[in-house]
Amino acid sequence: MLVSPVSRDAIFLAKAMSSFIFMVLVEAALLPAYAVLLDFSALSFTLVFTIVLATLGFALVGTLFSAMAAQTRSREIMLPVLFFPIILPVIIAAVEASTRAIGGETFVGLGRWLPLIAVFDALFLVICPWVFSFVVEE
Amino acid sequence: MARTEGIEGWRGLPLLRWTGLVDSAGRPSLRTVIAAVAGVLMLVDLYLIFMVAPTDSVLGHIQRVFYFHVPIAIMSFLAFFVVFVASIAYLVKRDQGWDNLAYAAGEVGVVFVTLALLSGVIWAKPVWNTWWTWEPRLTTTMILWLIYVAYLMIRSYAPNRAKGAIYAAVVGIIGFIDVPIVYYSVVWWRSIHPSPVVGPFSQADSLNGTMSAILLFSFITFVLFFVYLVLERMALRNAEDELGRVRFSLRRAGR
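Same order as they appear, the protein sequences are chains A and P.
Position one of the first sequence corresponds to residue 0 (numbering that gives the first Met the number 0), numbered consecutively onward.
Position one of the second sequence corresponds to residue 0 (numbering that gives the first Met the number 0), numbered consecutively onward.
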């Protein structure tokens, strides 16, 4: 893929978007199932919005670090060691925001958690494609 | 036989030069000067903290931990900022010096954030009546610790040294996003950790005059101590590289 005549940014964004779409499809299947099993309303815009934002950050950082970890020794250990702490703030914020969203809060009720995820997503969107070109260079 | 003046004829001088403690002219290097000044300041700092600083009216003697805890925590932020800047510079310029700086600052930063966590734990036991609690500041600091331990690990797991430097730079840049969140965690989520005493959201009236003067002194001491540790680690890494080159050329010569 690296020999194709497109920029590294495009490759990175394509990889990230494909895993993002795949994760969103899985979530679209799981969310109604959990909504029935755990008895909450999945048709809340705030909940869906939170899930999509958090998934975006997850896909961006995951793509970058899996490209990196794939080239290291004992990659099964290296990926979670790198990925887990970096994405943890997003996960904490997503858990807090979705707890409130399921509880029926509006956007205002979600407090700082949703903007926090959005800030992380924006930073990852800028930084990850830039550093990806260094990671895959020969 | 004429007696040589001063340090010039001393037999230990080549060794001192080799360690980098003195330069080729026999004068103490910048690193030596910083080490000496930091050492003296540290002794004065200890005296100020344990003898001069007033005992806190509410917390008692345990409050003295704070003169170590706050500068150490801020120094770890500074260290990770240095890692961030040096990592960007390394990716752009590919100068080995920037990578050495990032590596040295990263190692010192991990030590400092560990010390900040430990001194916090010592403070928390008598004041909060628990060693550890999952509170925003503590949790985010713990995450910071994990990120920079991963930063040190990625180098040794990379396929070769050049790749390791690039991967580490990537982790150093992405990981720095978490540092402002650690600082603002206390402001954003009001909880049991005290508010910042330095920086844009500090509470000016939380310390009296003597206390803030000693805290400032402690800061200066720890900045010098930090600079010395980074310089020492960089010199050590250069020595390691040199040793590696010597070993490599010896092996090629078939010895």
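Where is the CB? At the ideal position from N, CA and C, for every residue including glycine.
Quick caveat, the model's predicted, so the values are computed rather than measured.
- Contact residues of the stretch 62 to 80 of chain A toward chain P are 67, 70, 71, 72, 73, 77 and 80 (C-beta to C-beta distance below 7 Å).
- By the neighbour-count criterion, in which 16 or more other beta carbons inside 10 Å mark a residue as buried, residue 98 (chain P) falls on the buried side.
- Counted as a single uninterrupted DSSP element, the stretch harbouring residue 159 (chain P) is not any alpha helix (DSSP H), since DSSP gives it neither H nor E.
- At a Cβ-Cβ threshold of 8 Å, residue 87 (chain A) and residue 64 (chain A) do not count as neighbours.
- Pairwise C-beta distances place the stretch 98 to 106 of chain A out of contact with the stretch 115 to 129 of chain A, as fewer than three of them are shorter than 8 Å.
- Residues of the stretch 79 to 109 of chain A that bring their beta carbon within less than 8 Å of a beta carbon in chain P comprise 80, 81, 83, 84, 85, 87, 88 and 91, in sequence order.
- With a 10 Å radius around the Cβ and a threshold of 16 neighbouring Cβ atoms, residue 79 (chain A) comes out exposed.
- The residue among A:85, A:97 and A:89 with its C-alpha nearest the C-alpha of residue 42 (chain A) is A:97.
- The beta carbon of residue 145 (chain P) sits closer than 8 Å to some beta carbon of chain A.
- Three or more beta-carbon pairs separated by less than 8 Å link the stretch 135 to 153 of chain P to the stretch 99 to 108 of chain P, which places the two stretches in contact.
- Its chain contains 101, 168, 171 and 172 as the residues whose beta carbon lies nearer than 6 Å to that of residue 86 (chain P), once the 5 sequence neighbours on both sides are disregarded; these appear in chain order.
- For residue 120 (chain A), the enclosing alpha helix (DSSP H) covers residues 112 to 135.
- Under the Cβ distance rule, residue 47 (chain A) does not count among the residues neighbouring chain P, no pair being separated by less than 8 Å.
- Under the Cβ distance rule, residue 162 (chain P) counts among the residues neighbouring chain A, one pair being separated by less than 8 Å.
- The C-beta of residue 11 (chain A) comes no closer than 8 Å to any C-beta of chain P.
- DSSP places residue 113 (chain P) inside the alpha helix (DSSP H), whose first and last residues are 95 to 127.
- Residue 174 (chain P) reaches chain A at 85, counting residues in chain order whose Cβ is nearer than 7 Å.
- For residue 31 (chain A), the enclosing alpha helix (DSSP H) has its first and last residue at 7 to 37.
- A check of alpha carbon separations from residue 155 (chain P) across A:76, A:130, A:37 and A:122 identifies A:76 as the nearest.
- Rounded to whole angstroms, the gap between the alpha carbons of residue 129 (chain P) and residue 193 (chain P) is 15 Å.
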